[in-house]
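Presented below is the structure to which this report refers.
Take a look at the structure:
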């Protein structure tokens, strides 16, 4: 079909298209404005390995070996810290020490599918799997392009709970890395002491004493340093007004997408009808 005929066919449907655009705007705006909003708690952290007296430098001599400049993936204790934030152990801690289970149950009861689940007998209290999926969906970790800092963000409908959950996640991940490092150093110290108790060669005992002193020093630093994986640069803090979802952005996208979609559907309808017949033209 020629372009001029297609445009004329679409123009003949302008009343229906206008009605469809208004209906789409109304339904979309109602959906966006009725969407439950959430507060975002944020914290800015930096890897502890970036400091000059990082604990990892006292445990492994090659922990800060330079790698590929294009490789921005986290490493060392900070990588373990980031993985621990979304671990099943972190989810179990939140369910045990915070009212996360009650909040998930309340959110599910207020959802639009709650009557359907109740009618079908599928309503059940949230379990660890539901909490794990919520944590993976709600927690975001973003790396800064201008520095070595990372931003942790956690969204929840309750402002105080969002701040509490993020603070507890940070403390849990930091504590887990500290405990693993402490256990590692203690095992090495015990192994070195056992070897020194059996070794009689003075030339072998001297480097063993140096290794033992190094790990004893690392043990002191782990116990004294406040951060062994991630240092808090800012936060945790939570915003005063909910920002998720971004209503202005969604409404702007709706204002552009609905007319384009209606025009496309109108063009498809004209193409399906085909060109006008000769008999109709004569009339």
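In my numbering, the protein residues as written are 102 to 384.
Think of the CB as a built atom: it goes at the ideal place given N, C-alpha and C, for glycine as much as any other residue.
On the premise that residue 254 lies in contact with residue 141, defined as a C-beta separation below 8 Å, what is that separation, rounded to the nearest angstrom?
Within the chain shown, the letter at position 40 stands for residue 141. Within the chain shown, the letter at position 153 stands for residue 254. About 5 Å separates the CB atoms of residue 141 and residue 254; that is less than 8 Å, so the two are in contact.
Return the chain-ordered list of same chain residues with a C-beta closer than 6 Å to the C-beta of residue 351, the five sequence neighbours on each side being excluded.
Taking the first residue of the chain shown as 1, we reach residue 351 at position 250. Here the set comprises 133.
Going by DSSP, which residues form a beta bridge with residue 251?
Here residue 251 refers to the residue found at position 150 when the chain shown is read from its first residue. Within the DSSP bridge table, the entry for residue 251 names 146, 244 as partners.
Going by alpha carbons, who is nearest to residue 273 out of 365, 198, 108?
Indexing the chain shown from 1 puts residue 273 at position 172. Checked all of 365, 198, 108; the closest Cα to residue 273 is 198.
Going by DSSP, name the residue or residues bridged to residue 332.
Numbered from 1 along the chain shown, position 231 holds the residue referred to as residue 332. Looking at the DSSP output, residue 332 bridges to 147.
Measure from the alpha carbon of residue 339 to the alpha carbon of each residue in 136, 216, 260, then state which is nearest.
Within the chain shown, the letter at position 238 stands for residue 339. The shortest C-alpha separation from residue 339 is found at 260.
Compare the beta carbon distance of residue 205 and residue 189 with 8 Å and say whether it is the shorter of the two.
Position 104 of the chain shown, counted from the first residue, corresponds to residue 205. Position 88 of the chain shown, counted from the first residue, corresponds to residue 189. No, these two residues do not count as a Cβ contact at 8 Å.
Spatial neighbours of residue 162 within its chain, please: CB distance less than 8 Å, with the 5 preceding and 5 following residues excluded, ordered by chain position.
For the purposes of this step, residue 162 is taken as residue 61 along the chain shown, with counting starting at 1. Because the pLDDT of residue 162 is 41, which lies under 50, any placement of that residue in the model is unreliable, and the number read from its coordinates should be weighed accordingly. Nothing listed; no residue qualifies.
Alpha carbon of residue 301 to alpha carbon of residue 319, nearest angstrom
Taking the first residue of the chain shown as 1, we reach residue 301 at position 200. Taking the first residue of the chain shown as 1, we reach residue 319 at position 218. Looking at the backbone, the Cα of residue 301 and that of residue 319 are separated by about 26 Å.
Can you give me the Cβ contacts of residue 166 inside the same chain, cut-off strictly under 6 Å, excluding the 5 residues immediately before and after it?
By 1-based counting over the chain shown, the position of residue 166 is 65. Caution applies to residue 166, whose pLDDT of 44 falls short of 50 and renders its modelled position unreliable; the model cannot decide the point.
Taking 8 Å as the cut-off, does the stretch 119-131 touch the stretch 349-368 (at least 3 CB pairs, one atom from each stretch)?
Touching, per the Cβ criterion.
Beta carbon of residue 312, beta carbon of residue 294: below 8 Å?
The sequence position of residue 312 within the chain shown is 211, counting from 1. The sequence position of residue 294 within the chain shown is 193, counting from 1. Taking 8 Å as the cut-off, the Cβ atoms of residue 312 and residue 294 do not count as close.
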